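These notes concern the structure reproduced below.
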Amino acid sequence: MISFETQVFDVDHILGPDGLVASGMRDYEHRPGQVAMSQAIMRSFETSRHLLAEAGTGTGKSFAYLTCAIFKAIENNCRVLVSTHTINLQEQLINKDLPFLAKVLPWEFNANIAKGRSNYICLRRFKFAKDAGATLFDGENSEMQLLAKWVKTTDDGSLSSIPFVPSPKTWEAVQSEHGNCKGRKCPSFRECFYMKARRSLETSNIIVANHALLFSDLVLKKQNGMGIIPDYAYIIVDEAHNIEQVAEQHIGINLSSSRIAYTLNGLFNSGKNTGLLKITGQSELCPLVDDCRKSSELFFQSAEDWIKQQGQSFSGRCPANFIEDTLSPALRALRIKLNSQAGKLDEEDDNRFELGRYVEILKDYEDAVSSFIKRPAEDDGFIYWLEYKAGRFARINLRSAPLEVGPHLQDFLYKPFPSIIATSATLSCGGEKGFDYLAGRIGLNDYDSIQLDSHFDYKNQVKVYIETALPEPNSFEFTKAAADKTLQYIKMTQGRAFVLFTSYRMLDEFADKLRGPLEDMGIQLLCQGSSIDRTTLLKEFVNDTQSVLFGTESFWQGVDVPGESLSNVIIVKLPFAVPSRPLIQGKIEQIRKKGGNPFNEFQLPSAIIKFKQGFGRLIRKKSDKGIVAILDSRIITKYYGRLFLKAIPECTVEQIRS
Ligand code: SF4
Numbered sequence: 001m002i003s004f005e006t007q008v009f010d011v012d013h014i015l016g017p018d019g020l021v022a023s024g025m026r027d028y029e030h031r032p033g034q035v036a037m038s039q040a041i042m043r044s045f046e047t048s049r050h051l052l053a054e055a056g057t058g059t060g061k062s063f064a065y066l067t068c069a070i071f072k073a074i075e076n077n078c079r080v081l082v083s084t085h086t087i088n089l090q091e092q093l094i095n096k097d098l099p100f101l102a103k104v105l106p107w108e109f110n111a112n113i114a115k116g117r118s119n120y121i122c123l124r125r126f127k128f129a130k131d132a133g134a135t136l137f138d139g140e141n142s143e144m145q146l147l148a149k150w151v152k153t154t155d156d157g158s159l160s161s162i163p164f165v166p167s168p169k170t171w172e173a174v175q176s177e178h179g180n181c182k183g184r185k186c187p188s189f190r191e192c193f194y195m196k197a198r199r200s201l202e203t204s205n206i207i208v209a210n211h212a213l214l215f216s217d218l219v220l221k222k223q224n225g226m227g228i229i230p231d232y233a234y235i236i237v238d239e240a241h242n243i244e245q246v247a248e249q250h251i252g253i254n255l256s257s258s259r260i261a262y263t264l265n266g267l268f269n270s271g272k273n274t275g276l277l278k279i280t281g282q283s284e285l286c287p288l289v290d291d292c293r294k295s296s297e298l299f300f301q302s303a304e305d306w307i308k309q310q311g312q313s314f315s316g317r318c319p320a321n322f323i324e325d326t327l328s329p330a331l332r333a334l335r336i337k338l339n340s341q342a343g344k345l346d347e348e349d350d351n352r353f354e355l356g357r358y359v360e361i362l363k364d365y366e367d368a369v370s371s372f373i374k375r376p377a378e379d380d381g382f383i384y385w386l387e388y389k390a391g392r393f394a395r396i397n398l399r400s401a402p403l404e405v406g407p408h409l410q411d412f413l414y415k416p417f418p419s420i421i422a423t424s425a426t427l428s429c430g431g432e433k434g435f436d437y438l439a440g441r442i443g444l445n446d447y448d449s450i451q452l453d454s455h456f457d458y459k460n461q462v463k464v465y466i467e468t469a470l471p472e473p474n475s476f477e478f479t480k481a482a483a484d485k486t487l488q489y490i491k492m493t494q495g496r497a498f499v500l501f502t503s504y505r506m507l508d509e510f511a512d513k514l515r516g517p518l519e520d521m522g523i524q525l526l527c528q529g530s531s532i533d534r535t536t537l538l539k540e541f542v543n544d545t546q547s548v549l550f551g552t553e554s555f556w557q558g559v560d561v562p563g564e565s566l567s568n569v570i571i572v573k574l575p576f577a578v579p580s581r582p583l584i585q586g587k588i589e590q591i592r593k594k595g596g597n598p599f600n601e602f603q604l605p606s607a608i609i610k611f612k613q614g615f616g617r618l619i620r621k622k623s624d625k626g627i628v629a630i631l632d633s634r635i636i637t638k639y640y641g642r643l644f645l646k647a648i649p650e651c652t653v654e655q656i657r658s
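The numbering of the sequence shown is full-length UniProt numbering, which starts it at 1 and goes up by one.
So this is what it looks like as structure tokens:
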């Protein structure tokens, strides 16, 4: 039973110096920003207002919002959903922060993590795949034997608890899926891991999820009233600076030639004479799969020919009907036939469910291809482009994304929910109207905001060096001069540096120049984009405290390396988005069309937010100290440079003039 003793949310009693949190924490520090944030969140809940809350690193924002969320969930007997972008933060909330609060707060509450359905093994499909064996997997599949051992001992049946990483092919054959679930009629219903997880969410007060799952859930609920997660009354979005990007990925098309080939091979692989149709005994459909495969190959061949015709002028973008849509009719023909064959099978037949799964997938592909080629309207607010990787195994990806996610978010996020709390260490570009940029990009028109300084003493913890005499970053001479300076700064801290780039091309050029000198100094160079994946790269960087990491894109944010391993952040170029990328290009054109100024309204503010994120990698705890070196002289020589400096916390700055 949930007991609810305190009817008023007394923030001092909870987060104050003599409060409940302080009483349970040995190294408690009073953080006025945390208290202010908590008050602002509770006010937003009470007044049904949306809130943008920027809280610098070290504010203790997770306790600020979790305490409010727990109180509100119990007071209103409802669920509160907390969404994050990174798995690290989800784990921190679920494994550390929420268990701690459960100990010190006087309220009993349940908190659970919501994972996408495909994260759980489906016991029925697992048995089906095991029985089908080599016919399904193009030969023996040793991973199935390992899964069989794991499934006997696992508590939660989720992908993250498997002691090895199964191949996508194996996991897709056994994962839990909505359209492929027998529900109560399933013989494994009682033991089903997904159903158990779902039941625990039903009884949760706090649900922790990631942004992608949140958006999937909201879209499904909007479309048919049935989502993935049990209903919740309030949403707190942490790491909210990623909302626009996640929404873009979620709302648009992303379908590759290899994905279609992979799916068709799953149905029937003519080369190996394997696939689902061989198991279900419906070999008469195999020629139809072959026809569809041929149509797919011809379709993507036409797209490749079209790309080659464009020559140097190929930007990625493609107009409506740039080639004939010969693929979606073939997908439709196959889907209809499969559906009718599935309909002839017994209602409880496993084969019927497996075929039904392909019917759904083919329908998604068919819709994606058709709307990519034909486009619903000339100017439908989306941008369409092709990603192309040339070579013997050429790969083409059909992509689309909305130019503005705002109208979509208004529809399924801001209107249905009275109070959305969006927080991050980087939401504002600085100044009085600092939140306008992000709010505009995510379509949040009516909101309150609060900006809380970091708890850290940046003046004493960070020294910023600005190279004012280096050539402009777009000039030919920049790379050599900046690489020399990079080496100089790396020497200052004996390695322990993050070097942040805006393109892989420049990262590779610097790596070529500096690999030798760093080797001579006994410093390991780790590069993003090499054969090592991002997580392993980061682990190695933390373990080898002297190493240097060259990163781009994802390393500007969400990387948390406290302690001596990271004492130096080198920002090679101000992080303006590459204007030749189709999505960026589309946004620029759209602002221009509306009579706006794309540089001031989009390119500059988005670069400032990314710059703040890069800067924020350095100081992760109170005892951290280090330097930030900025090699882009435009931060001093251009009129807009001061806006970058104004957006970061006040610290000691030295301009290097030679
Ligand atoms: S209930 Fe559904 S998800 Fe669970 S084992 Fe059965 S078919 Fe799979």
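Glycine included, every Cβ here is placed at the ideal spot set by N, Cα and C. Owing to the predicted nature of the structure, the values given are computational and were not obtained by experimental measurement.
Count the other CB atoms, across all protein chains shown, that sit within 10 Å of the CB of Met144; report buried if there are 16 or more and exposed otherwise.
By the 16-neighbour rule on beta-carbons within 10 angstroms, Met144 is buried.
Near the ligand SF4, which residues have their beta-carbon closer than 5 Å to a heavy atom?
Cys122, Leu123, Arg124, Ser176, Cys181, Lys182, Cys186, Ser188, Phe189, Cys192, Tyr194
Please name the residue, chosen from Asp380, Ile450, Asp533, that lies closest to Lys61 on a Cα-to-Cα basis.
Ile450
Tell me the residue span of the alpha helix (DSSP H) that contains Cys286.
286 to 310
The beta strand (DSSP E) with Lys625 in it runs from where to where?
Premise fails: Lys625 is in no beta strand (DSSP E) and is neither H nor E.
Quick check: the Cα distance between Glu324 and Phe299, rounded to an integer number of angstroms?
8 Å
If you reduce the DSSP assignment to three classes, tell me which class Lys573 lands in.
Residue state, collapsed to three classes: coil.
At what residue ranges does the stretch 5 to 73 contain a whole run of the beta strand (DSSP E), taking only runs of 3 or more?
51 to 55
Going by the CB atoms, is the gap between Ile591 and Tyr489 shorter than 7 Å?
no
Ala401 lies in the alpha helix (DSSP H); which residues open and close that run?
Ala401 -> not in any alpha helix (DSSP H); beta strand (DSSP E) instead, spanning 395 to 402.
By how many angstroms is the C-alpha of Ile70 removed from the C-alpha of Lys337?
51 Å
Do you know how far the Cα of Ile636 is from the Cα of Ser3?
Confidence at Ser3 is low in this model, with a pLDDT of 48, below 50, so its placement is unreliable and the value that follows should be read with caution. Looking at the two C-alpha atoms, the distance is approximately 58 Å.
Name the DSSP beta bridge partners of Ser118, please?
Per DSSP, none; premise fails for Ser118.
Alpha carbon to alpha carbon, how far is Ala129 from Pro141? Give it in angstroms, no decimals.
Reading off the sequence shown, one finds Asn at residue 141, where the question assumed Pro. If you take the alpha carbons of Asn141 and Ala129, they lie about 10 Å apart.
First and last residue of the alpha helix (DSSP H) that includes Tyr414?
Per DSSP, Tyr414 lies in no alpha helix (DSSP H) segment and is marked neither H nor E.
So Ile609 and Pro598 are supposed to be a Cβ contact under 8 Å. How far apart are they, rounded?
Actually they do not touch by this definition, with Cβ atoms about 16 Å apart.
Note down the Cα distance separating Asn76 from Gln90, rounded to an integer number of angstroms.
24 Å
Using beta-carbon positions only, say whether Thr86 and Gly616 come within less than 7 Å of one another.
no
Can you tell me where the beta strand (DSSP E) with Leu470 in it begins and where it stops?
Taken as a continuous stretch (DSSP letters only), Leu470 belongs to no beta strand (DSSP E), as it is neither H nor E.
Is Asp632 near the ligand MN, judged by its Cβ being under 6 Å from some heavy atom?
As far as ligands go, the structure on display features the ligand SF4 and does not contain the ligand MN.
In whole angstroms, what is the alpha-carbon distance linking Ile207 and Lys278?
42 Å
In the DSSP assignment, find the alpha helix (DSSP H) that holds Leu93 and state where it starts and stops.
Careful: Leu93 lies outside any alpha helix (DSSP H) and carries neither H nor E.
Using CA coordinates, which residue listed in Glu239, Leu538, Arg357 is at the minimum distance from Leu267?
Arg357
Looking only at its chain, what residues have a beta carbon closer than 8 Å to the beta carbon of Ile361, apart from the 5 residues adjacent to it on each side?
Thr263
Helix, strand or coil for Asp544, going by three-state DSSP, please let me know.
In the structure shown, Asp544 falls within a coil segment according to DSSP collapsed to helix, strand and coil.
So what's Gly551 in DSSP terms, helix, strand or just coil?
It is a strand residue.
Helix or strand or just coil, what does DSSP make of Val405?
coil
Just verifying my parser: in three-state terms, what is the DSSP assignment at Tyr234?
strand
Short of 6 Å in beta carbon distance, which residues of its chain neighbour Arg125, apart from the five on each side in sequence? Order them along the chain.
Val174
With a CB to CB cut of under 6 Å and the five nearest residues on each side skipped, what residues in its chain are close to Trp150?
Ile162
Which residue comes first and which comes last in the alpha helix (DSSP H) that contains Ile619?
Run containing Ile619: none; DSSP gives neither H nor E here.
Please say whether Arg117 and Val194 have beta carbons closer to each other than 7 Å?
Note that residue 194 is Tyr in the sequence shown here, rather than Val. With respect to the 7 Å criterion, Tyr194 and Arg117 are classified as neighbours on the basis of their beta carbons.
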